[in-house]
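> First residue of the sequence shown: 63, per the numbering used here; consecutive thereafter.
Quick one: this structure, given as structure tokens, is what I'll be asking you about.
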Amino acid sequence: MHCTVQKHRPGAFRVACLLLGSLVAACSGEGPAPLEGSAFDIERYDLRGEFDWERGRLVATLGLTLSVTGDGPRVVVLDSAVAEVKEVRQKDGGALPHQLDPTRAALAVDLSSVPEATRGEPIAIEIDYEALSGDALRAVPARMGDPVPVRAVYTVSEPLGASRWMPCHNAPSDRALFSVAMRVDGGESLIANGDLVGDEDLGASGRLVRYETAYPLPPYLMAFAIGDFEVERGAKGDLPIAIWRRRGLPGDHGKMLDEIARAIGRFEELLVPYPFEKYALVLLPDFSVGGIEHASISFQREERSTEPALASDLLLTTHELAHQWFGDLVTVETWDDLWIKEGMATLLEQEGVRAYTDESGAGTLNGDELGPHAGDAVRDPSLAPGEKYTSGPYGRAAWLLTQIRSLTGEDAFWSALRGVLEEHRFGTIGTDEFLDAFAPALGPKALARARRAVAARALPWLTVEPAASGGAFVTLHDPDGALVAPLELAWVAGDGLTRVQTLAPAERVEVAPGAPSELLVVDPLDRHPEWAFLSTERDLDAYAATLAPRRVPSDPDAVSRFLDVGGAHQLAALQGGLPPGLAPEQLEAFVAGLDAEAARAVALAAACDAASAPGLDVEIRGAWSSVLTDIFAGAPYSYGLDYVDSYAACSSVVSPEDLFAEDWSALRTGLATGGVSDARLQYLSKFRLPPDAALRTWGQVALASSSVRARVLALRHLAAYLEGLDPAALPAWRAFFAGVLRVTDVSDVLTADLRAVVASAAPTAAGNEEALEGLTRVLRAPAARSVHPRAVCAAHALTGGDEQAFRRFAAGLDGADLTDLAAALLRSPSDCG
């Protein structure tokens with residue numbers, strides 16, 4: 063899973079006691095007590111049903127095969143937050159006593175009348191129920207303003223959502239076989255875990271499609287999606303791979319299939335053969351997170367998964383693919399162990415794109431790509447499952463694993479992971495056992511440091527003080543023991559010899575070149591996100607003034623050494639600018655010699671800064687203009703665009719209007735039938751047109767493009783013009799953003815537009831009347847429910863503290879079908895923050 067999960071809101075307290083057969087659950091004044099029942103093990107889930115679009119409900123029958131394994135009353139308590147349970151019965155038998163307790167999200171079933179329950183033998187029961195659509199069962203209708211007017215319904219289960227669409231034992235450690243059979247309309251399809259085992263024509267009623275797994279899964283990995291899907295198919299050897307997407311969704315799906323096949327090959331080299339019967343990437347609308355893995359299928363957000371040429375799309379895709387090994391083949395024992403699967407997927411996603419980040423094979427470990435934050439622990443038992451999705455189990459966990467990797471060496475690291483996958487195949491693993499797998503290679507001292515780092519919250523930090531030598535005095539602080547491997551600095555001399563300095567915690571070390579031409583390489587193995595260790599502005603400024611310039615070659619002879627240090631170090635260094643003295647005619651060869659696509663893209667941004675420097679010689683500026691015009695005409699290095707804020711600095715030497723004249727002409731048509739890829743649009747958005755031309759050009763894309771992603775990109779790009787915009791021009795921009803509210807219910811478009819609406823707001827409610835009317839329409843649109851809370855907060859901002867105006871706005875929503883959170887914010891808008 064690649065996401066941030068919002069905190070679950072607790073249910074209302076209800077003082078109640080459940081008496082069912084011999085089961086008595088105690089109640090307390092603190093809230094609902096957990097229901098107590100017998101221990102049990104579920105062997106199979108067999109789900110059959112259909113989605114009722116008119117009522118927004120899944121109408122289903124769930125077959126469960128389970129065994130009671132504990133002593134005490136023959137009662138099993140299932141996790142269940144479904145809307146209604148109509149009947150529970152023994153398969154081919156009579157009804158069973160049961161009670162659904164919404165407060166505890168539990169379904170208790172009395173099996174005391176079933177002889178097999180006493181003997182611990184398998185029991186087959188059936189549950190007729192209905193589940194409401196919502197966060198865990200997303201039903202997206204054909205929406206106003208969606209260029210792909212195709213509905214879809216799908217599940218979102220991790221971590222605890224499965225019980226909202228299916229009664230289950232919702233624990234990651236309880237695996238069971240799973241089958242799902244759904245009636246779908248004639249033009250629609252079903253995709254789910256496992257093999258397609260049935261597709262029955264029901265005539266005018268549609269089709270009954272059934273999938274079944276041959277392997278056990280925990281409920282959070284069980285999933286299905288229904289819609290009118292197009293399928294792009296491919297293969298990796300004998301393994302079928304496919305991309306499912308709503309019919310008409312644009313994107314470079316064929317290239318994404320190629321990238322998936324390549325990444326599977328890379329992961330198989332490092333780990334074990336791909337473990338399932340297929341791999342399907344399913345692209346879905348209005349997806350609340352970036353992506354969620356399920357065994358044999360991953361669900362991903364449409365707007366982040368269609369352009370493999372962009373780093374954000376490819377990294378998300380390789381992350382979810384990596385979970386097929388860690389998370390799906392081997393599951394975490396408890397949600398406290400979430401870091402094992404998410405940390406491994408975050409580490410592996412970088413391996414899946416190494417072709418773009420380490421062309422020289424320098425073997426750096428991608429530490430700078432990780433994103434830990436202070437305060438987030440790798441493993442945090444104090445957090446509820448839905449609150450655990452911080453940077454701790456992701457970037458921080460991957461950083462811990464990367465440090466372990468650097469200490470054990472490649473062979474031992476990957477060998478230990480293969481051992482985990484083989485020993486725990488279709489099973490679970492917890493934190494202690496997982497760390498123990500590295501013990502033989504780590505040794506007791508390093509293993510103890512790794513165990514301590516799992517609970518660390520503070521990040522290490524560097525104190526940097528300028529030194530008379532031209533370098534700096536650097537002190538490393540690590541109060542929580544987050545460092546498992548040391549932080550090193552390397553100086554590369556003109557003859558290629560390297561000297562290494564180690565920064566030990568609490569030791570003040572002078573970091574300075576031995577000769578002016580020495581090249582500094584910070585963290586040579588790239589095992590640490592050292593950018594995160596500069597926590598104060600003073601230390602950041604001192605680092606930028608004294609050490610960062612040493613990372614870039616200071617003379618022409620050092621350039622060749624710089625081109626040998628690896629793409630990760632080149633990227634970090636070039637964010638501070640090009641090597642001093644690099645001539646325009648040397649740029650193309652220099653960029654080509656870099657080892658990472660992101661480094662190349664950033665080098666061009668640095669060249670824009672060099673070319674636009676004030677006081678530059680006219681002839682040199684002309685030379686930069688010629689070189690950069692030729693390079694930019696080729697639209698290079700799209701993978702690195704996510705690392706570049708803008709190429710706008712080049713406007714003084716390159717004319718975007720002339721260079722991309724054909725593109726701008728196409729954009730002004732609105733791209734209703736495509737014609738310019740989203741990757742190309744991302745590239746074009748790095749340049750700036752004059753504001754009036756930008757509104758005419760990108761505004762059409764925002765309103766008419768055949769791609770939701772393009773509409774969102776256009777709105778975000780236009781919003782960037784608001785800062786510094788001529789006040790006389792602002793009313794036209796304000797009217798444009800307000801107008802978007804009238805023509806779309808697509809959540810991603812509305813989210814981008816709401817930010818722009820607030821950023822362009824007039825100072826009074828009266829000046830924002832058009833936008834407030836648009837927000838009223840959005841809040842009355844059921845298809846836009848996922849943005850209702852944001853819309854209320856936008857209205858609060860637009861009324862500018864005028865309480866009467868906000869009350870009038872709220873009164874205009876009487877009878878609207880608002881989400882609970884939106885209704886609460888409407889009553890108490892100060893909670894918008």
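A virtual CB, placed ideally from N, CA and C, is assigned to each residue, including glycine.
1) Could you please give the first and the last residue of the uninterrupted alpha helix (DSSP H) stretch that includes residue 619?
2) What's the C-alpha gap between residue 402 and residue 823?
3) What whole-angstrom Cβ distance do residue 573 and residue 551 have, given they're in contact under 8 angstroms?
4) Once DSSP output is grouped into helix, strand and coil, what is the label at residue 590?
5) If you draw a straight line from the alpha carbon of residue 379 to that of residue 763, how long is it in whole angstroms?
6) Let me know the beta strand (DSSP E) ranges lying completely inside the stretch 153–201, each 3 residues or longer, listed in chain order.
7) So what does residue 129 bridge to, in DSSP terms?
8) Figure out for me which residue from 606, 628, 453 has the closest Cα to the Cα of residue 639.
9) Going along the chain, which residues of its own chain have a beta-carbon closer than 6 angstroms to the beta-carbon of residue 277, five neighbours each way excluded?
10) I need the boundaries of the beta strand (DSSP E) containing residue 241, first residue and last residue.
11) Is it buried or exposed for residue 825, if we count other Cβ within 10 angstroms and need 16 for buried?
12) Going by DSSP, which residues form a beta bridge with residue 119?
13) Curious, which full-length alpha helix (DSSP H) runs of at least 4 residues does the stretch 755–818 contain?
14) Pick out whichever of 351, 773, 795, 747 has its Cα sitting closest to the Cα of residue 757.
15) Rounded to a whole number of angstroms, what is the C-alpha to C-alpha distance between residue 227 and residue 861?
16) Using only the alpha-carbon positions, how far apart do residue 697 and residue 775 sit?
17) Are residue 616 and residue 642 touching if we call contact CB-CB under 8 angstroms?
18) Counting C-beta neighbours from all protein chains within 10 Å, is the total for residue 893 16 or more, i.e. buried, or is it exposed?
19) What are the boundary residues of the beta strand (DSSP E) that residue 362 is part of?
20) With 16 as the cutoff for other CB atoms within 10 Å, does residue 510 come out buried or exposed?
21) Is the beta carbon of residue 458 closer than 8 angstroms to that of residue 438?
22) Could you say which of 827, 885, 830 lies nearest to residue 850 if we only look at CA atoms?
23) Could you check which residue in 773, 281, 101, 833 has the C-alpha nearest to that of residue 793?
24) Give a yes or no on whether 8 angstroms exceeds the smallest Cβ distance from residue 678 to chain B.
25) Could you give the residue range of the beta strand (DSSP E) that holds residue 43?
26) Apply the 10 Å Cβ neighbour rule to residue 578 and answer buried if 16 or more other Cβ atoms are within range, or exposed otherwise.
27) Restricting to Cα atoms, I'd like to know which of 242, 368, 454, 712 is closest to residue 676.
28) For the alpha helix (DSSP H) containing residue 405, list its first residue and its last residue.
29) Which residues mark the beginning and the end of the alpha helix (DSSP H) in which residue 726 is found?
30) Does the Cβ of residue 461 have 16 or more other Cβ atoms within 10 Å, making it buried, or fewer, making it exposed?
31) Could you say which of 740, 469, 167 lies nearest to residue 375 if we only look at CA atoms?
32) By alpha-carbon positions, which one of 525, 404, 753, 390 ends up nearest to residue 490?
33) Looking only at DSSP bridge pairs, what is residue 273 linked to?
34) Is it true that the stretch 357–373 meets the stretch 435–454, where meeting means three or more beta-carbon pairs spaced less than 8 angstroms apart?
35) On the three-state DSSP scale, how would you describe residue 296?
36) Counting only runs that start and end within the stretch 672–755, where is the alpha helix (DSSP H) found for 4 or more residues in a row?
On the basis of the coordinates in this document:
1) Start and end: 618–624.
2) Between residue 402 and residue 823, the C-alpha separation is close to 45 angstroms.
3) Yes, they are in contact, since the Cβ atoms of residue 573 and residue 551 sit about 6 angstroms apart, within 8 angstroms.
4) In the structure shown, residue 590 sits in coil (DSSP, three-state: anything other than H, G, I, E or B).
5) So the alpha carbons of these two residues sit roughly 26 angstroms apart.
6) Every beta strand (DSSP E) of 3 residues or more that sits fully in the stretch 153–201 is shown, in chain order, as 160–163, 168–172, 185–194.
7) DSSP output for residue 129 lists 103 as bridge partner(s).
8) When only C-alpha atoms are compared, the closest one is 606.
9) The beta carbon of residue 277 sits closer than 6 angstroms to those of 488, all from its chain and outside the five residues before and after it, given in chain order.
10) It spans 239–246 - the beta strand (DSSP E) in which residue 241 sits, taken as one unbroken run.
11) Burial call: exposed.
12) In DSSP, residue 119 forms a bridge with 114, 194.
13) Within the stretch 755–818, complete alpha helix (DSSP H) segments of at least 4 residues are found at 770–781, 792–802, given in chain order.
14) Closest option to residue 757, Cα to Cα, is 795.
15) The alpha-carbon atoms of residue 227 and residue 861 are separated by roughly 39 angstroms.
16) So the two alpha carbons sit approximately 18 angstroms from each other.
17) Yes, these two residues count as a Cβ contact at 8 angstroms.
18) Classification for residue 893: exposed.
19) Note, residue 362: beta strand (DSSP E), 359–363.
20) Exposed.
21) In this structure, the beta-carbon distance from residue 438 to residue 458 falls below 8 angstroms.
22) When 827, 885, 830 are compared, the shortest CA-CA separation from residue 850 is found for 885.
23) Minimum Cα distance to residue 793 is reached at 833.
24) In the structure shown, chain B does not exist; there is a single protein chain.
25) In this structure the chain extends from 63 to 895, so residue 43 is not present and cannot be described.
26) Exposed is the call here.
27) Residue 676 has its Cα closest to that of 712, out of 242, 368, 454, 712.
28) Its alpha helix (DSSP H) spans residues 400–414.
29) Element bounds for residue 726: 723–729.
30) Answer is buried; the Cβ neighbour count reaches 16.
31) The shortest C-alpha separation from residue 375 is found at 740.
32) The alpha carbon of residue 490 has as its nearest neighbour, out of 525, 404, 753, 390, the alpha carbon of 390.
33) Partner(s): 242, 258.
34) Too few Cβ pairs lie closer than 8 angstroms, so no.
35) Looking at residue 296 - three-state DSSP - the assignment turns out to be strand.
36) Entirely contained in the stretch 672–755, the alpha helix (DSSP H) runs reaching 4 residues are, in chain order, 680–695, 718–721, 723–729, 740–746.
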